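Protein chains in written order, with the numbering used here: chain A, 1 to 743; chain B, 1001 to 1224. Note that CB positions come from ideal geometry on N, CA and C, so glycine has one too. Remember, it's a predicted structure, so these values are computed and weren't measured experimentally. Here the structure is laid out as structure tokens; the discussion comes afterwards.
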Amino acid sequence: MSSAPANVTRAPRHRELGLTDAEYEAIVERLGREPNEVELAVFSLMWSEHCSYKHSRRLLRELPTEGPHVLMGPGENAGVVDAGDGLAVAFKVESHNHPSAVEPFQGAATGVGGIMRDVFALGARPVAILDSLCFGELDSSRTAYLLNGAVAGIGHYGNSVGVATVGGEISFEGPYEHNCLVNAMCVGVAPRERLIRAAAAGVGNHVVLLGALTGRDGIGGASVLASAELDDSADQKRPTVQIGDPFEEKKLLECCLDLLDRGLLVSLQDLGAAGLSSSASEMASKGEVGIDLDVALVPLREADMEPFEVMVSESQERMLCVVAPERLGQVVGVAERWLVRATPIGSVTDTGRLRVLDAGVAVGDMPVAALVDESPVYELAPAESTEPVYSAPPRRLAADGPFAETLLALLRSGNVTSKRWAFEQYDSYVGSRSVRRPEAADAAVLHLAHDGASGAIAVSIDGNGRRAACDPYTGAVEAVLECARNLACVGAEPLGLTNCLNFGNPEKPHVAWQLTRAVEGLRDACLALGVPVVGGNVSLYNEGAEGPIYPTPVVGMVGTLPDPERAAGSAFLEPGHEVALIGPFLPAVAGSELEKLRGRLADGLPPVDLPAQARGLAAVREAVRSGALASAHDVSEGGLGCALAESCAMGGVGARVDLEGLVAALGGDAEAALFGEGPGGVVVSGPLEAVARLAAEASGVGVRHLGVTGGEALVVEGLGATVDVSVAEARDAFTRGIPDVFS
Amino acid sequence: MVRFPGSCDEVDALRACRRFADADLLWYEDRDLSGVDAVVIPGGFSYGDYLRVGAIAGLAPIMEAITRFAREGGPVLGICNGFQVLCEARLLPGALLPNVGLRFLCREVELGVVSADSPFTRACEPGRSLRVPVKHFTGRFHAPPDELERLEAHGQIVLRYREGQNPNGSVGNVAGVSNRAGNVLGLMPHPEHAVDPRTGSADGACLFASVVEHVESGVLAAAA
Chain A
1 MSSAPANVTR APRHRELGLT DAEYEAIVER LGREPNEVEL AVFSLMWSEH
51 CSYKHSRRLL RELPTEGPHV LMGPGENAGV VDAGDGLAVA FKVESHNHPS
101 AVEPFQGAAT GVGGIMRDVF ALGARPVAIL DSLCFGELDS SRTAYLLNGA
151 VAGIGHYGNS VGVATVGGEI SFEGPYEHNC LVNAMCVGVA PRERLIRAAA
201 AGVGNHVVLL GALTGRDGIG GASVLASAEL DDSADQKRPT VQIGDPFEEK
251 KLLECCLDLL DRGLLVSLQD LGAAGLSSSA SEMASKGEVG IDLDVALVPL
301 READMEPFEV MVSESQERML CVVAPERLGQ VVGVAERWLV RATPIGSVTD
351 TGRLRVLDAG VAVGDMPVAA LVDESPVYEL APAESTEPVY SAPPRRLAAD
401 GPFAETLLAL LRSGNVTSKR WAFEQYDSYV GSRSVRRPEA ADAAVLHLAH
451 DGASGAIAVS IDGNGRRAAC DPYTGAVEAV LECARNLACV GAEPLGLTNC
501 LNFGNPEKPH VAWQLTRAVE GLRDACLALG VPVVGGNVSL YNEGAEGPIY
551 PTPVVGMVGT LPDPERAAGS AFLEPGHEVA LIGPFLPAVA GSELEKLRGR
601 LADGLPPVDL PAQARGLAAV REAVRSGALA SAHDVSEGGL GCALAESCAM
651 GGVGARVDLE GLVAALGGDA EAALFGEGPG GVVVSGPLEA VARLAAEASG
701 VGVRHLGVTG GEALVVEGLG ATVDVSVAEA RDAFTRGIPD VFS
Chain B
1001 MVRFPGSCDE VDALRACRRF ADADLLWYED RDLSGVDAVV IPGGFSYGDY
1051 LRVGAIAGLA PIMEAITRFA REGGPVLGIC NGFQVLCEAR LLPGALLPNV
1101 GLRFLCREVE LGVVSADSPF TRACEPGRSL RVPVKHFTGR FHAPPDELER
1151 LEAHGQIVLR YREGQNPNGS VGNVAGVSNR AGNVLGLMPH PEHAVDPRTG
1201 SADGACLFAS VVEHVESGVL AAAA
């Protein structure tokens, strides 16, 4: 453009906005002139790590994204898979880490709100929320503050919108003390014909803003807050955190689905990070068109906002849609019925440019391609650190205590203990779909009968930062396997995967190495299981003066199962059932919770045999689908001992177990068998003939008899490993871990 | 079934009702009730509940018609937010305060049917236990001691939490309370989430079956 709008700015303003000098030069080159204030603000956000993935884009191309069930892959607002019977399931996980570290209630609440909008932007009705949360150690006062706020915020938002929170996990590790992680996943269901994309189309069509007023909240959220390290000024960044209004979201959700059911929209897109700037430019980019927006038409919460503020505001509960002129009246009418504002603020053009007007006067004019497709891409410079990156966790347990004491200490410890305190603050009933609710089974199960289908979907979210810190490749592999194993325990086969990569500053070689290795692990595990990655999110710069967080790849999966009533629970149901361990389980103390309690952090994890893991998952899934088993519970944090104790505590039924056969088969010692960790193990129970049949049919994957259920205690014998813990004691240790902190 | 902006459980409650009878959604702006035999006000966060819970919905256009319907003896059931709305509309005694724990609580609780004389419990055996979920932040029923005595004396306490099951600190373990005439009931637990054993419990079904039985007996009586 030759006639540059007035109000030209100069460096170093760009640095305050998070752009490097080289990036600024690149912007000047793309525009053929210096950018003005509006353009600089828009570029700084569109080229931020959060919006452009400039440090991770190359890596993410390695992930497998195709599969027979994929309807929409990465690049849309969320991934979509085909659940059969004409139904589509949309899902995605996204982080809201830095906002939650600065203001946990609103940070977590708006994280939930944002991920819901990603799902209903596609035309899917959100039916489930899951969260993966990481905080500092459970006994830290900052953890209590963050945990309390984040859980209340998630509940406040999800409960008020009427979407069930059905699962999740909470971890407690020192490196998250200052930089907590709040990853929220939303799952939605839609009839396939209601799905809609974000691509703008139809020159002359209206661009209509739906929902809340635009204010000064969240300005610079994506660049200043999400794409830089946290430092001492975190408190001053509180104004960059958005404020959530779940009532507005509820109205917006019902309004959008109503508009789509009536076929009134050409395309739909949520407003998230970078607000109008990113929504409009991404819609234009996907549709290969241009968009003109007039900021003077945007309904404001506060008067005299500058045009650049309107363009980058991250005010919540807003959506942008494209509407044909003849349907505008109907769209406004439907919105009025739902008490939702609908304001035409611009139009689709054939220019390929994002033009910003202020009452008709041009105040910004940028090529869409420069904003979206031509953002800088950086090569990582990965190098494994020769020094330990993390200090060892505090020692809480002597090395040689009796096994019974060790078991109880593990059950009480933050990562193992029941998360009921949190789950009870979430509505897990609304929608009347939840067949398996939090902690009743390893994965949440939601039937699809309301949508006219016979089967069900199962969902889970998993990650383990400490194990990824020991070995980022294997840690990422294990996150995928654990998620798939949780699905297998309810009889579900994965349809697709979403992930959130939470890491430190990628410009540091050891963080770049962690990120690179973790993505390789994700890729290999997804290929081995045949599960495509349909969407995800990257959260970098999770570090402060104390160093980076543990590398934390978080994986969410959606699977299907034919008969929800056969989905196994985690609890032992009755006395006299056989107890067995299925799967290629090779427990090791390295990287385990036990090792953590002893104040050590391993360097490296044992390798994983992926084809054997895939066979094990299939065996568990088929066994559960047959309906013959009474319970299935995966062996994860705290090892076999904790898995057994949890099944006892949740079912109120004891068990008598002998380790001798297991140790003879696996090698190692009783301690490793009882408290060692590693992927692949599932504890099942059921009638003798069912378990015997399973052993015969699945002999290739390893089915090992452990003992029988019954009695008032968990008794473990063999190789001098005597444990005799009453069910009541185990239940007390398992359920009091978090409430004790708040009493 | 009334739908306010911010209602969340109206579709679940509609489905629950349809297991027993015809049911439809009424819009909060409606001025008449289209000749229905019974009204259910569902759970949720009407108008966001940013003011005192249920306060704005209590003033919604449809409430005039519901008040008239209730005064004429029509059965009105308020669940959770619906209970709060009916208290705000002065169709039910007492008030609902934030839970003693000051946290939102979602769990299945055990209720005792205190009175089977109500149109909402006539199909339940008196003294029967029902497993039904609660999920609320503002569910602690409160009435001054003398009013509570009157409620007890007039048999208006229809449902109580079993000992040790009171999730919110409600006075006298009150979970559900009716008006003096008995035709308006408010309860915090969610019977609409307890009509299918697949999702946990079917114990809430007897409340819906009771209303249907009540309406049908009225129709029969009128015909006779």
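Inset, instruction - Would you mind stating whether phenylalanine 572 of chain A and leucine 540 of chain A have Cβ atoms separated by less than 7 Å? - result: The sequence position of residue 572 of chain A within the first sequence is 572, counting from 1. The sequence position of residue 540 of chain A within the first sequence is 540, counting from 1. For phenylalanine 572 of chain A and leucine 540 of chain A, no; Cβs fall outside 7 Å.
Legend entry - valine 536 of chain A versus glycine 401 of chain A - alpha carbon distance: In the first sequence, the residue the question calls residue 536 of chain A occupies position 536. In the first sequence, the residue the question calls residue 401 of chain A occupies position 401. Sequence inspection shows glycine at residue 536 of chain A; the valine mentioned does not correspond to that position. C-alpha separation (whole angstroms): 43 Å.
Legend entry - Three-way DSSP call (helix, strand, coil) for threonine 722 of chain A in this model: Numbered from its first residue, the first sequence carries residue 722 of chain A at position 722. Residue state, collapsed to three classes: coil.
Inset, instruction - Quick one: residues in its chain with C-beta nearer than 7 Å to the C-beta of glutamate 1213 of chain B, no 5 flanking neighbours on either side, listed in chain order? - result: Position 213 of the second sequence holds residue 1213 of chain B. Result list for glutamate 1213 of chain B: Arg1122, Ala1123, in chain order.
Legend entry - Cα-Cα separation, aspartate 669 of chain A to cysteine 500 of chain A: Translated into positions along the first sequence, residue 669 of chain A becomes position 669. Translated into positions along the first sequence, residue 500 of chain A becomes position 500. Rounded to whole angstroms, aspartate 669 of chain A to cysteine 500 of chain A spans 36 Å at the Cα level.
Legend entry - beta strand (DSSP E) segments (min. 3 residues) lying fully within the stretch 574-627 of chain A: 578-582
Legend entry - Length-filtered (3 minimum) beta strand (DSSP E) runs lying within the stretch 122-167 of chain A: Whole beta strand (DSSP E) segments, 3+ residues: 125-135.
Inset, instruction - Kindly list, in the order they appear in chain B, the residues whose Cβ is closer than 7 Å to that of glutamate 424 of chain A. - result: Taking the first residue of the first sequence as position 1, residue 424 of chain A is located at position 424. Annotation: Cβ neighbours of glutamate 424 of chain A in chain B (cutoff 7 Å, chain order): Leu1105, Cys1106, Arg1107.
Legend entry - Extent of the continuous beta strand (DSSP E) run through threonine 349 of chain A: Residue mapping note: residue 349 of chain A aligns to position 349 of the first sequence, counting from 1. Unbroken beta strand (DSSP E) run through threonine 349 of chain A: 342-349.
Legend entry - CB contact below 7 Å: histidine 1136 of chain B versus chain A: For the purposes of this step, residue 1136 of chain B is taken as the residue at position 136 of the second sequence. Between histidine 1136 of chain B and chain A, the shortest Cβ-Cβ separation is not below 7 Å.
Inset, instruction - Grab the span of the beta strand (DSSP E) containing glycine 1078 of chain B for me, first residue to last. - result: For the purposes of this step, residue 1078 of chain B is taken as residue 78 along the second sequence, with counting starting at 1. It spans 1076-1079 - the beta strand (DSSP E) in which glycine 1078 of chain B sits, taken as one unbroken run.
Inset, instruction - Compare the C-beta of leucine 181 of chain A against all C-beta atoms of chain B and say whether one is closer than 7 Å. - result: One-based indexing of the first sequence puts residue 181 of chain A at position 181. No - not a single Cβ of chain B is within 7 Å of the one on leucine 181 of chain A.
Legend entry - Rounded straight-line distance, which links the Cα of serine 313 of chain A to that of aspartate 258 of chain A: Counted from its first residue, the first sequence places residue 258 of chain A at position 258. Counted from its first residue, the first sequence places residue 313 of chain A at position 313. When rounded, the distance between both Cα atoms is 27 Å.
Legend entry - Endpoints, beta strand (DSSP E) assigned at valine 708 of chain A: The residue labelled residue 708 of chain A in the question sits at position 708 within the first sequence. Its beta strand (DSSP E) spans residues 703-709.
Inset, instruction - Check whether the Cβ atoms of cysteine 642 of chain A and valine 416 of chain A lie closer than 7 Å to each other. - result: By one-based count along the first sequence, residue 642 of chain A stands at place 642. By one-based count along the first sequence, residue 416 of chain A stands at place 416. Result yes, Cβ atoms of cysteine 642 of chain A and valine 416 of chain A sit closer than 7 Å.
Inset, instruction - Name, please, each residue of chain A whose Cβ falls closer than 7 Å to the Cβ of proline 1098 of chain B. - result: Along the second sequence, read from residue 1 onward, the residue named residue 1098 of chain B stands at position 98. Here the premise fails: no neighbours, minimum Cβ distance about 13 Å.
Legend entry - Where the beta strand (DSSP E) through serine 252 of chain A begins and ends: The residue labelled residue 252 of chain A in the question sits at position 252 within the first sequence. As written in the sequence, residue 252 of chain A is leucine, which differs from the serine given in the question. No beta strand (DSSP E) holds leucine 252 of chain A; the alpha helix (DSSP H) holding it covers 246-261.
Inset, instruction - Give a yes or no on whether the C-beta atoms belonging to alanine 619 of chain A and valine 683 of chain A are separated by under 7 Å. - result: In the first sequence, the residue the question calls residue 619 of chain A occupies position 619. In the first sequence, the residue the question calls residue 683 of chain A occupies position 683. No, the pair does not count as a contact, with Cβ atoms beyond the cut-off.
Inset, instruction - Anything in chain A within Cβ reach of cysteine 1008 of chain B, meaning under 7 Å, just list it in chain order. - result: Counting from one through the second sequence, the residue named residue 1008 of chain B turns up at place 8. Going along chain A in sequence order, the residues near cysteine 1008 of chain B (Cβ under 7 Å) are Gly162, Val430.
Legend entry - Chain-ordered neighbours of valine 435 of chain A on chain B, where CB pairs are closer than 8 Å: Translated into positions along the first sequence, residue 435 of chain A becomes position 435. Per Cβ cutoff of 8 Å: Arg1198, Thr1199.
Inset, instruction - Go through its chain and collect everything with a Cβ distance to valine 1040 of chain B's Cβ below 6 Å, but skip five positions before and after it. - result: Position 40 of the second sequence holds residue 1040 of chain B. Cβ neighbours of valine 1040 of chain B beyond the five flanking positions: Met1001, Ala1013, Leu1077.
Inset, instruction - Express the C-alpha separation of glutamate 94 of chain A and alanine 274 of chain A in angstroms, rounding to a whole number. - result: For the purposes of this step, residue 274 of chain A is identified with residue 274 of the first sequence, where counting begins at 1. For the purposes of this step, residue 94 of chain A is identified with residue 94 of the first sequence, where counting begins at 1. Near 15 Å, if we compare the C-alpha coordinates of glutamate 94 of chain A and alanine 274 of chain A.
Legend entry - For arginine 262 of chain A, the nearest candidate out of A/Leu60, A/Lys286, A/Val331 (CA to CA): Here residue 262 of chain A refers to the residue found at position 262 of the first sequence. The shortest Cα separation from arginine 262 of chain A among A/Leu60, A/Lys286, A/Val331 belongs to A/Val331.
Legend entry - Min CB distance glycine 1048 of chain B to chain A below 7 Å: For the purposes of this step, residue 1048 of chain B is taken as the residue at position 48 of the second sequence. Yes, its Cβ sits closer than 7 Å to a Cβ of chain A.
Inset, instruction - Spell out a yes or no on whether the stretch 156-174 of chain A and the stretch 439-454 of chain A are touching, meaning 3 or more CB-CB pairs, one atom from each, closer than 8 Å. - result: yes
Legend entry - Runs of alpha helix (DSSP H) lying entirely within the stretch 502-551 of chain A, each at least 4 residues, in chain order: 509-529
Legend entry - Span separating the alpha-carbon of glycine 136 of chain A from that of glycine 681 of chain A: Here residue 136 of chain A corresponds to residue number 136 of the first sequence, with the count starting at 1. Here residue 681 of chain A corresponds to residue number 681 of the first sequence, with the count starting at 1. Rounded to the nearest angstrom, the two C-alpha atoms are 28 Å apart.
Legend entry - Cβ separation of glutamate 1192 of chain B and glycine 1204 of chain B, assumed to be a contact under 8 Å, to the nearest whole Å: In the second sequence, residue 1192 of chain B corresponds to position 192, counting from 1. In the second sequence, residue 1204 of chain B corresponds to position 204, counting from 1. With a Cβ gap of about 7 Å, glutamate 1192 of chain B and glycine 1204 of chain B count as contacting.
Inset, instruction - On a CA-only basis, which of A/Val163, A/Arg615, A/Glu543, A/Asp740 is nearest valine 389 of chain A? Give me that one, please. - result: Within the first sequence, numbered from 1, the residue matching residue 389 of chain A stands at position 389. It is A/Glu543.
Inset, instruction - Look up phenylalanine 744 of chain A in the DSSP assignment and say whether it is helix, strand or coil. - result: Because chain A is modelled from 1 through 743, residue 744 of chain A falls outside the range shown and cannot be assessed.
Legend entry - Cβ-Cβ distance between alanine 458 of chain A and leucine 495 of chain A below 7 Å: Residue mapping note: residue 458 of chain A aligns to position 458 of the first sequence, counting from 1. Residue mapping note: residue 495 of chain A aligns to position 495 of the first sequence, counting from 1. No, Cβ-Cβ distance for alanine 458 of chain A and leucine 495 of chain A is not below 7 Å.
Inset, instruction - Kindly indicate if chain A contains any beta-carbon less than 7 Å away from that of phenylalanine 1120 of chain B. - result: In the second sequence, counting from the first residue as 1, residue 1120 of chain B sits at position 120. No, phenylalanine 1120 of chain B does not count as interfacial toward chain A.
Legend entry - valine 189 of chain A - containing beta strand (DSSP E), residue span: For this step, residue 189 of chain A is matched to residue 189 along the first sequence. From DSSP, the beta strand (DSSP E) with valine 189 of chain A extends over 181-191.
Inset, instruction - For phenylalanine 1020 of chain B, return the contacting residues in chain A, with the cut-off set at a CB-CB distance below 8 Å. - result: Counted from its first residue, the second sequence places residue 1020 of chain B at position 20. Within 8 Å Cβ-Cβ: nothing; phenylalanine 1020 of chain B doesn't reach chain A, min ~15 Å.
Legend entry - Any alpha helix (DSSP H) of 4 or more consecutive residues that is wholly inside the stretch 421-509 of chain A: 465-470, 472-489
Inset, instruction - Taking 7 Å as the cut-off, decide whether the C-beta atoms of histidine 771 of chain A and serine 726 of chain A are in contact. - result: Missing from the structure shown is residue 771 of chain A; chain A here goes from 1 to 743 and no further.
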